[in-house]
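Residue numbers (the working numbering): 214 to 518.
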C-alpha cells in the first residue's frame with residue numbers, strides 16, 4: 214500500500230495512484246484558498262514585496278528541513294543554470310499572480326491562473342514523447358480555451374474596467390508556471406532532490422522580487438497582526454511544505470495525467486473568492502469554468518487502445 218514515505222522516496226509512476234490523487238486534491242484545495250489569502254495580505258504588503266518576502270521566509274524553512282532530513286545536494290550535475298532559469302520563472306509567475314489580485318477578483322484570477330495544465334499539455338506534446346496530443350486532447354484544448362475566452366469576455370464579473378490587466382497577468386503567471394513544470398521534467402533538475410529544486414526557485418525569486426519591490430512604490434501598506442498570521446500560514450503551508458510536495462509529485466507522476474485534478478484548484482479558488490470576498494458568479498462565468506473543467510477532463514483521458 215502506498216504511503217507518504219513511499220511517495221517521498223519511491224520511483225516514478227506511470228499513472229495517478231490513490232495516494233497521488235489524495236495529495237493532488239488536498240493541494241488543489243490549498244492552492245484555491247491561497248489566492249484569497251494573497252489578496253488579503255496584499256492589503257498589508259505590496260504584491261512584489263509580499264511575494265519576495267514569502268520566498269525568503271520559505272527558503273529558511275526549506276533549508277532547515279533539508280538539514281533535518283540530511284538532504285544530499287548535487288550542484289555539479291548540470292542543474293545550476295536550469296535552477297537559475299526556473300527561479301526567474303518562479304519570480305515572474307508570482308509577481309504577475311500577486312499583482313493580478315490587485316486588479317481583479319480572486320475568482321477570475323483562479324480561472325485564468327489555473328489554466329496552467331492547458332499550456333503544459335501543449336508544451337509536453339513537443340518535449341515529452343509519451344505525452345503527445347491526440348484528437349481527444351485537441352478537442353479538450355479547444356473546449357477549455359473557449360471557456361477561457363468566455364471568462365475574459367464576461368465583463369459583468371469584472372470589478373472594474375482595469376480587470377483585464379489582472380486577467381492577462383494571471384494567464385502570464387500560468388505560462389511561467391508551465392515553463393517551470395516542463396523544465397523539471399526535461400532538464401537535469403529531474404535528478405535533483407525536491408529541496409534543491411525549491412532552493413533554486415525560492416532563492417532566486419527572493420532576490421529578484423525583493424530588489425525590484427522598492428521600485429514599484431511603498432513595500433508596506435496597512436500591516437496588521439492578522440495579516441502577519443495569514444502570511445506566516447502561507448510561508449509554512451503553501452510556499453514551503455506545499456511546494457515541496459508539489460515538486461515531488463511533478464517528479465514522479467505524468468504531467469498530462471494531473472490535468473483532471475488541476476481543475477479542482479480553480480473550483481476551490483472560485484468558491485473561496487465567493488465566500489470571502491463575495492465575488493460575483495454570473496451564469497457566463499460559471500459556464501466558462503465548466504468548459505475549462507470539461508476540457509481538462511478530455512485532455513487527461515487516456516486514448517483507447
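The C-beta atom is built at its ideal place from N, Cα and C for all residues, glycine as well.
Please read all numbers here as calculations on a predicted model, not as lab measurements.
- Separation of the CB atoms of residue 245 and residue 423 is rounded to 27 Å, and the pair is thereby denied contact status at 8 Å.
- Residue 430 and residue 351 have their C-alpha atoms roughly 44 Å apart.
- Minimum Cα-Cα distance from residue 445 among the listed residues 254, 458, 307, 229 corresponds to 254.
- The three-state secondary structure of residue 324, taken from DSSP, is helix.
- By the 16-neighbour rule on beta-carbons within 10 angstroms, residue 318 is buried.
- Per DSSP, the unbroken alpha helix (DSSP H) holding residue 413 starts and ends at 407-425.
- In chain order, 396, 400, 401, 402 place their CB closer than 7 Å to the CB of residue 295, counting only its own chain and leaving out the 5 sequence neighbours on each side.
- Distance from the CA atom of residue 413 to the CA atom of residue 496, rounded to whole angstroms, is 42 Å.
- Residue pairing for residue 258: DSSP places it in a beta bridge opposite 433.
- Scanning its chain for C-beta atoms nearer than 7 Å, with the 5 sequence neighbours on each side dropped, one finds around residue 385 the residues 309, in chain order.
- The straight-line gap separating the alpha-carbon atoms of residue 377 and residue 390 is approximately 20 Å.
- The C-beta distance from residue 411 to residue 456 rounds to 6 Å, short enough to fall under 8 Å.
- In this structure, residue 257 places its C-beta atom within 8 Å of the C-beta atom of residue 433.
- Under the three-state reduction of DSSP output, residue 245 falls in the helix class.
- Residue 509: member of the alpha helix (DSSP H) spanning 496-513, first to last residue.
- Straight across, the Cα-Cα distance linking residue 493 with residue 370 is about 6 Å.
- In the DSSP assignment, residue 378 falls within the unbroken alpha helix (DSSP H) covering 376-399.
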